[in-house]
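K.L.:
First the structure, which I've put down as structure tokens, then a few questions once you've had a look.
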Amino acid sequence: MAVAWASYNTISDWQKHNAFLINASDSLPNWAFFVHLHHTPAKDDYVFFAPPANPLVRRHFGPDSGPFGKRVIGMPGALVEHRGSDVYVDGIRVAHMKPFTRTGEPLTPGPVGRVPRGCYYVGTPHPDGFDSRYAEIGFACANQVIGTGTPIL
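Once you know that position 128 of the sequence shown is 115 in my numbering, the rest is easy, because the numbers rise by one and skip nothing.
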């Protein structure tokens, strides 16, 4: 009985700090991630966060969309600029903005300027990525971040 109790405690403790996440989007190259809950992201980490509750997110992903997964491209203090339809972070081109979603709904260009403290510019290289390049997502801030991820499949 002691071994079973010790195993239960170990698994229970593990679940407080970790999770598995299945990615249903084609914006990331992997479809399964091991998520380290409550980890502070670093540049280039995969980060999982609760998307903002706005009409476009609800229409495309439902009222309970689950977390979004992206890469951290810009850390707090990074400079985000728009040059035409291209987005630059610290002088490096990271994305191209489209005026409309694949279904024809208008998209709003995302935030520019310095990434605020506690926030991150997040994105993917996918041409249809729905990420910080658009105001509908904006920066992913600490109160939205669920954790960082490691791709496993």
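Positions of the beta carbon are idealized from the N, C-alpha and C atoms, including for glycine. Every value quoted in this text rests on a predicted model; they were computed, and no experiment measured them.
Is it the case that the segment 94 to 106 contacts the segment -2 to 5, given that we only count it when at least three CB pairs across the two stretches are under 8 Å?
P.N.:
Short answer: they don't touch.
K.L.:
Helix, strand or coil for Met(-12)? Go by DSSP, reduced to three states.
P.N.:
Start at 1 with the first residue of the sequence shown, and residue -12 comes out as number 1. For Met(-12), the predicted structure reports a pLDDT of 47, less than 50, and the residue's modelled location is therefore unreliable. A value from the coordinates is still provided. Of the three classes helix, strand and coil, the one that applies to Met(-12) here is coil, per DSSP.
K.L.:
Take Gln131 and list the residues in its own chain whose beta-carbon comes closer than 7 Å to its own, dropping the five residues that flank it on each side.
P.N.:
By 1-based counting over the sequence shown, the position of residue 131 is 144. For Gln131, where only same-chain residues beyond five positions count, the Cβ hits under 7 Å are Phe36 and Ala37.
K.L.:
Please report how far the alpha carbon of Trp18 lies from the alpha carbon of Pro42, in whole angstroms.
P.N.:
Start at 1 with the first residue of the sequence shown, and residue 18 comes out as number 31. Start at 1 with the first residue of the sequence shown, and residue 42 comes out as number 55. Their Cα atoms are separated by approximately 26 Å.
K.L.:
Does the segment 107 to 125 come within contact of the segment -1 to 16, defined as at least 3 CB pairs closer than 8 Å?
P.N.:
In short, these stretches touch, since the Cβ pair count reaches three.
K.L.:
Report the three-state DSSP secondary structure of Lys57 (helix, strand or coil).
P.N.:
On the sequence shown, residue 57 is found 70 positions in, with the first residue counted as 1. In the structure shown, Lys57 sits in a strand (DSSP, three-state: E or B).
K.L.:
From the DSSP output, in three-state form, read off Arg104 for me.
P.N.:
Along the sequence shown, one-based indexing puts residue 104 at 117. The answer is coil: DSSP assigns Arg104 none of H, G, I, E or B.
K.L.:
Could you check what DSSP says for Val99 in three-state terms: helix, strand or coil?
P.N.:
Locating residue 99 in the sequence shown gives position 112, counting from the first residue. Val99: coil per DSSP, three-state reduction.
K.L.:
Would you mind sorting Arg104 into buried or exposed? The rule is 16 or more other CB atoms within 10 Å of its CB.
P.N.:
Translated into positions along the sequence shown, residue 104 becomes position 117. The residue is exposed, with fewer than 16 neighbouring Cβ atoms inside 10 Å.
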